[in-house]
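J.:
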Amino acid sequence: MTIIRPRLIDYHNILVTQEEVDFAIPFLDEDIPLYLDPFLLWKSPSQQDNALHLILINTFNKLGKIYLQSEDKKEKLVDVLVELSECSEVGLGSGKTKKGLKISTKTSNEILELFSIIPEYKTTGVSHFEEIQLYVNNISKDRISDFSCNFLKSFLIDFTQDECKKYNIPMKIFKDVRVFNSNTCKIEDEELLLPFNPEGSIPIIFVPKRWLRYTPWINYEDYFQKAYIKEGQEEKIDKPKVLDYNRYNYGMISAYISAKERNQEDCKNDPLFKQIPVISAKKCLNQILKLPSGKTDNADKKYEDNCTKLFSSLLYPHLDFAQAQSRVDSGTQIRDLIFYNNCSFPLLKNLYDEYNCRQIVFEMKNVKEVRRDHINQLNRYLSEQFGRFGIIITRNPFKKNIMRNTIDLWSGQRKCILCITDEDMKLMVDVYENKQRDPIEVINKKYVEFIRSCPA
Amino acid sequence: MKKENIEKFEKLHIQIKDIYQELSLLSKKSPDGAINKFKLKFINQLIDESNTLLGERYKPFRDFEKFQEDDMPFNSDVVLIVSQYIECLEKYKYDNIRRILSTWYWIISDSEDKIETSSPKLEFLR
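So the sequence lines, in the order shown, correspond to chains S and B. Here the first sequence is numbered in my numbering, starting from 1 and rising by one per residue. Here the second sequence is numbered in my numbering, starting from 1001 and rising by one per residue.
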């Protein structure tokens, strides 16, 4: 069964939504577009998170201290840092593939050299690991995230195992998981029980979603804009020059870090999915209602774009949005919205059990009147992960003959095709605004109405 | 009218009129707004009690028993139905009371007691 944009839990048929779990649910063939931000651990009200931040900092400072003290270990430490620069098991970042590249030994060397260049680091060490972005080229959010994950890997492994037990996510033994040992400052092979990516049997490590942000709170761009440069002069200064300046002017960095610490209240983790505000939902709806049916002035494209924005928010958190996709059926371009069905609402459980529907497909049709061939297009698509249930989002209710057609489909093949019209969308946005009911209940209402019209 | 039903009726009558007023306000603000499950649960309770009291003879609609949660009724739908129930309760009352001098009393089938009540709706008196 091919699942569109598969996630680990969908592959194993585990019925939880992203909202319910504490970790970011990993995708099987792409990365989660977020990064671990160590600052979130530092500012967290949880003592455990604060302690983990301390471990992260102390470990890095320990590497620096050894680097300064023993000449013969320098080369090994550089290699260790190179290996710690990529943590493919957590699958964070913007990569379309799960494998990333490590930093060069030159960059690794530059990082460790900071301990000899900057007097404050030599004596007291760094206070925020993210600071290294402000001194070394080619170090950005993805590296900070990967380094942090590697330094905290031991904790993340325990966390992953606990979550797997909680949700019955299958695990298997991996004999050579590379884990950094902060006592010996070496990376060792460990035999561990971990969940896995079925495509290639690669181990997976979960990351708490409360630690994730799109960009770290402390980052080079922010420093450059807010602390370093006057407005209008941004393009006159090269990054290497700024990094070089920073190395010899720790006061600038220190002031910037203090300012960021003072504004810690504004630093929040980024959710994996953010619903659009009510005002935007109403705007989307109004744009849809104003659009003519058909393709004049790209109306179909605008209709589909607005529907995508609207539905992914309206149906959250009951349905996690997988993706909008285009497909071609008999020479016709069709755009669908695909949602994961995690049975988080009685109707969804019913669809899962009765129609074998693991992902829900919404086909968008900006037409005045849905025709028989439109129904057939969706009908042909209803197989595998979609089971026997689908929804057509269109402008007007089905005409009598089309309604008859869908009832016949149900009677003959137990396939259910519902229609969501402009009026239904209005109701969905209305309940999204006034919170009296849940927008997904409108789909439930349509389903109940449909079943009532079917022969007993 | 049985004596035991008098108290039930008086309570139900007050509650349903009160809920009608609240819903009318909601309905004026957004007639096409969906009513929430919490309100619907209590409206259905009142409708249930009314159905029992009114019986087939006074019930406003033969094939309406109560609102279905899944149908997501609009505020205006609920106001329409509740107003019909109020009218039928008024009629039921009018048929079960009588005036002695200027005071209205319940006609009680299983007791000799005299229980006063308020006057019926003006329309019934014309």
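Backbone N, C-alpha and C fix where the C-beta goes; we use that ideal spot for every residue, glycine too.
At a cut of 8 Å, does the segment 418 to 431 of chain S reach the segment 442 to 452 of chain S through at least three beta carbon pairs?
T.: yes
J.: Pull up the DSSP beta-bridge partners for G390 of chain S, would you.
T.: As a working mapping, residue 390 of chain S is identified with position 390 in the first sequence. Looking at the DSSP assignment, G390 of chain S forms a beta bridge with S:V361, S:I417.
J.: Leaving aside the five residues before and after W211 of chain S along the sequence, list all residues of the same chain whose C-beta is less than 7 Å from its C-beta, in chain order.
T.: For the purposes of this step, residue 211 of chain S is taken as residue 211 along the first sequence, with counting starting at 1. Around W211 of chain S: L36, D37, L40, L41, N269.
J.: Assuming the contact rule is C-beta atoms closer than 8 Å, L156 of chain S and I205 of chain S should be a hit. Round their C-beta distance to whole Å, please.
T.: On the first sequence, residue 156 of chain S is found 156 positions in, with the first residue counted as 1. On the first sequence, residue 205 of chain S is found 205 positions in, with the first residue counted as 1. Distance from L156 of chain S to I205 of chain S at the Cβ level is roughly 5 Å; contact confirmed, criterion being Cβ atoms closer than 8 Å.
J.: In whole angstroms, what separates the C-alpha of K400 of chain S from that of G294 of chain S?
T.: The residue given as residue 400 of chain S occupies position 400 in the first sequence. The residue given as residue 294 of chain S occupies position 294 in the first sequence. One C-alpha to the other measures close to 21 Å.
J.: When you compare the CB positions of H318 of chain S and S280 of chain S, do they come within less than 8 Å of one another, or not?
T.: Within the first sequence, numbered from 1, the residue matching residue 318 of chain S stands at position 318. Within the first sequence, numbered from 1, the residue matching residue 280 of chain S stands at position 280. No, the Cβ-Cβ distance between H318 of chain S and S280 of chain S is not below 8 Å.
J.: Are R7 of chain S and F27 of chain S closer than 8 Å when you measure CB to CB?
T.: Stepping through the first sequence from its first residue, residue 7 of chain S is reached at position 7. Stepping through the first sequence from its first residue, residue 27 of chain S is reached at position 27. Taking 8 Å as the Cβ cut-off, R7 of chain S and F27 of chain S qualify as a contacting pair.
J.: Considering only the beta carbon of each residue, do L152 of chain S and I57 of chain S sit closer than 8 Å?
T.: Taking the first residue of the first sequence as position 1, residue 152 of chain S is located at position 152. Taking the first residue of the first sequence as position 1, residue 57 of chain S is located at position 57. Taking 8 Å as the Cβ cut-off, L152 of chain S and I57 of chain S do not qualify as a contacting pair.
J.: On the criterion of 16 or more Cβ atoms from any shown chain inside 10 Å, does G251 of chain S qualify as buried, or is it exposed?
T.: Counting from one through the first sequence, the residue named residue 251 of chain S turns up at place 251. By the 10 Å Cβ count, G251 of chain S comes out exposed.
J.: Over the uninterrupted beta strand (DSSP E) stretch that includes Q325 of chain S, give me the two end residues.
T.: As a first step, residue 325 of chain S is located in the first sequence; it is residue number 325 there, counting from the start. 320 to 329 is the span of the beta strand (DSSP E), which, as asked, contains Q325 of chain S.
J.: With three or more C-beta pairs closer than 8 Å as the rule, is the segment 326 to 341 of chain S touching the segment 359 to 371 of chain S?
T.: Counting Cβ pairs under 8 Å, three or more are found: they touch.
J.: Check whether chain S comes within 8 Å of I1081 of chain B, counting only Cβ atoms and requiring the distance to be less than that.
T.: In the second sequence, counting from the first residue as 1, residue 1081 of chain B sits at position 81. For I1081 of chain B, the answer is no, since every Cβ of chain S falls outside 8 Å of its Cβ.
J.: Return helix, strand or coil for N341 of chain S, following the three-state DSSP convention.
T.: Residue mapping note: residue 341 of chain S aligns to position 341 of the first sequence, counting from 1. Reduced to three states, the DSSP call for N341 of chain S is coil.
J.: Is the CB of V278 of chain S under 8 Å away from at least one CB in chain B?
T.: Here residue 278 of chain S refers to the residue found at position 278 of the first sequence. Taking 8 Å as the threshold, the shortest C-beta distance from V278 of chain S to chain B does not fall below it.
J.: Would you mind listing the beta strand (DSSP E) stretches within the segment 288 to 313 of chain S that are 3+ residues and don't spill past its ends, in chain order?
T.: none
J.: Going by DSSP, name the residue or residues bridged to V1079 of chain B.
T.: Here residue 1079 of chain B refers to the residue found at position 79 of the second sequence. V1079 of chain B is not bridged to any residue.
J.: Under 8 Å by Cβ, that's how I've got S1027 of chain B and S1083 of chain B pegged, so tell me the actual separation to the nearest angstrom.
T.: Along the second sequence, read from residue 1 onward, the residue named residue 1027 of chain B stands at position 27. Along the second sequence, read from residue 1 onward, the residue named residue 1083 of chain B stands at position 83. No, S1027 of chain B and S1083 of chain B are not in contact; Cβ-Cβ is about 10 Å, not under 8 Å.
J.: Spatial neighbours of L1012 of chain B within its chain, please: C-beta separation below 8 Å, excluding the five flanking residues on both sides.
T.: For the purposes of this step, residue 1012 of chain B is taken as residue 12 along the second sequence, with counting starting at 1. Cβ within range, chain order: L1046, E1049, S1050, L1053, L1089.
J.: Please classify F273 of chain S: is it buried, with 16 or more other beta-carbons within 10 angstroms of its beta-carbon, or exposed?
T.: Mapped onto the first sequence, residue 273 of chain S falls at position 273. Taking all protein chains in view, the Cβ of F273 of chain S is surrounded by fewer than 16 other Cβ atoms within 10 Å, so the residue is classified as exposed.
J.: Tell me the DSSP bridge mates of A24 of chain S?
T.: Position 24 of the first sequence, counted from the start, is the residue given in the question as residue 24 of chain S. Answer by DSSP bridge pairing: none, since A24 of chain S is not bridged.
J.: For a contact meaning CB atoms closer than 8 Å, what does E441 of chain S contact in chain B?
T.: Here residue 441 of chain S refers to the residue found at position 441 of the first sequence. Contact of E441 of chain S with chain B by beta-carbon distance below 8 Å involves A1034, D1070, M1072.
J.: By the criterion of Cβ-Cβ separation under 7 Å, what are the contact partners of C445 of chain S in chain B?
T.: What you label residue 445 of chain S is simply residue 445 of the first sequence in a count that begins at 1. It is worth fixing the name first, because residue 445 of chain S is Lys in this sequence and not Cys. Within 7 Å Cβ-Cβ: D1070, D1071, M1072.
J.: Which residues in the same chain as Y1094 of chain B place their Cβ atom closer than 8 Å to its Cβ, once the five residues preceding and following it in sequence are excluded?
T.: Here residue 1094 of chain B is taken as the residue at index 94 of the second sequence, counted from 1. Here the set comprises P1120, K1121, F1124.
J.: Can you name the residues that DSSP bridges to P33 of chain S?
T.: Along the first sequence, one-based indexing puts residue 33 of chain S at 33. Answer by DSSP bridge pairing: none, since P33 of chain S is not bridged.
J.: State yes or no: is the beta carbon of L427 of chain S nearer than 8 Å to at least one beta carbon in chain B?
T.: Here residue 427 of chain S corresponds to residue number 427 of the first sequence, with the count starting at 1. It does; some Cβ of chain B falls within 8 Å.
J.: Helix, strand or coil, according to DSSP, for F174 of chain S in the structure here?
T.: Locating residue 174 of chain S in the first sequence gives position 174, counting from the first residue. F174 of chain S: strand per DSSP, three-state reduction.
J.: What residue does the beta strand (DSSP E) around R1098 of chain B start on, and which one ends it?
T.: Here residue 1098 of chain B refers to the residue found at position 98 when the second sequence is read from its first residue. For R1098 of chain B, the uninterrupted beta strand (DSSP E) run begins and ends at 1097 to 1100, by DSSP.
J.: Between D31 of chain S and S94 of chain S, which are expected to be in contact by the criterion C-beta below 8 Å, what is the C-beta distance as a whole number of angstroms?
T.: One-based indexing of the first sequence puts residue 31 of chain S at position 31. One-based indexing of the first sequence puts residue 94 of chain S at position 94. Sure, about 6 Å apart at Cβ, within 8 Å.
J.: Taking 8 Å as the cut-off, decide whether the C-beta atoms of P203 of chain S and H12 of chain S are in contact.
T.: Mapped onto the first sequence, residue 203 of chain S falls at position 203. Mapped onto the first sequence, residue 12 of chain S falls at position 12. Not a contact, by the Cβ cut-off of 8 Å.
J.: Look at the alpha carbon of Q18 of chain S and the alpha carbon of A322 of chain S, and state the distance between them as a whole number of angstroms.
T.: Walking along the first sequence from the start, residue 18 of chain S turns up at place 18. Walking along the first sequence from the start, residue 322 of chain S turns up at place 322. Going from the Cα of Q18 of chain S to the Cα of A322 of chain S covers about 11 Å.
J.: Can you pull the chain B neighbours of N434 of chain S, defined as C-beta to C-beta under 7 Å?
T.: Start at 1 with the first residue of the first sequence, and residue 434 of chain S comes out as number 434. Neighbours of N434 of chain S on chain B, chain order: G1033.
J.: When you compare the CB of R7 of chain S with every CB in chain B, is at least one pair closer than 8 Å?
T.: On the first sequence, residue 7 of chain S is found 7 positions in, with the first residue counted as 1. R7 of chain S has a beta carbon lying at 8 Å or more from every beta carbon in chain B.
J.: Name the chain B residues whose beta carbon is nearer than 8 Å to that of D430 of chain S?
T.: For the purposes of this step, residue 430 of chain S is taken as the residue at position 430 of the first sequence. Neighbours of D430 of chain S on chain B, chain order: S1030, D1032, G1033, A1034.
J.: Within 10 angstroms of the Cβ of L1101 of chain B, are there 16 or more other Cβ atoms? Answer buried if so, exposed if not.
T.: As a working note, residue 1101 of chain B is residue 101 in the second sequence. Result: exposed.
J.: Taking only runs that begin and end inside the segment 172 to 247 of chain S, name each unbroken beta strand (DSSP E) of 3 or more residues, in chain order.
T.: 172 to 181, 186 to 194
J.: Rounded to the nearest angstrom, how far is the Cβ of Y256 of chain S from that of Y223 of chain S, given a contact under 8 Å?
T.: Here residue 256 of chain S corresponds to residue number 256 of the first sequence, with the count starting at 1. Here residue 223 of chain S corresponds to residue number 223 of the first sequence, with the count starting at 1. With 8 Å as the limit, Y256 of chain S and Y223 of chain S qualify as a contact, their Cβ atoms being about 5 Å apart.
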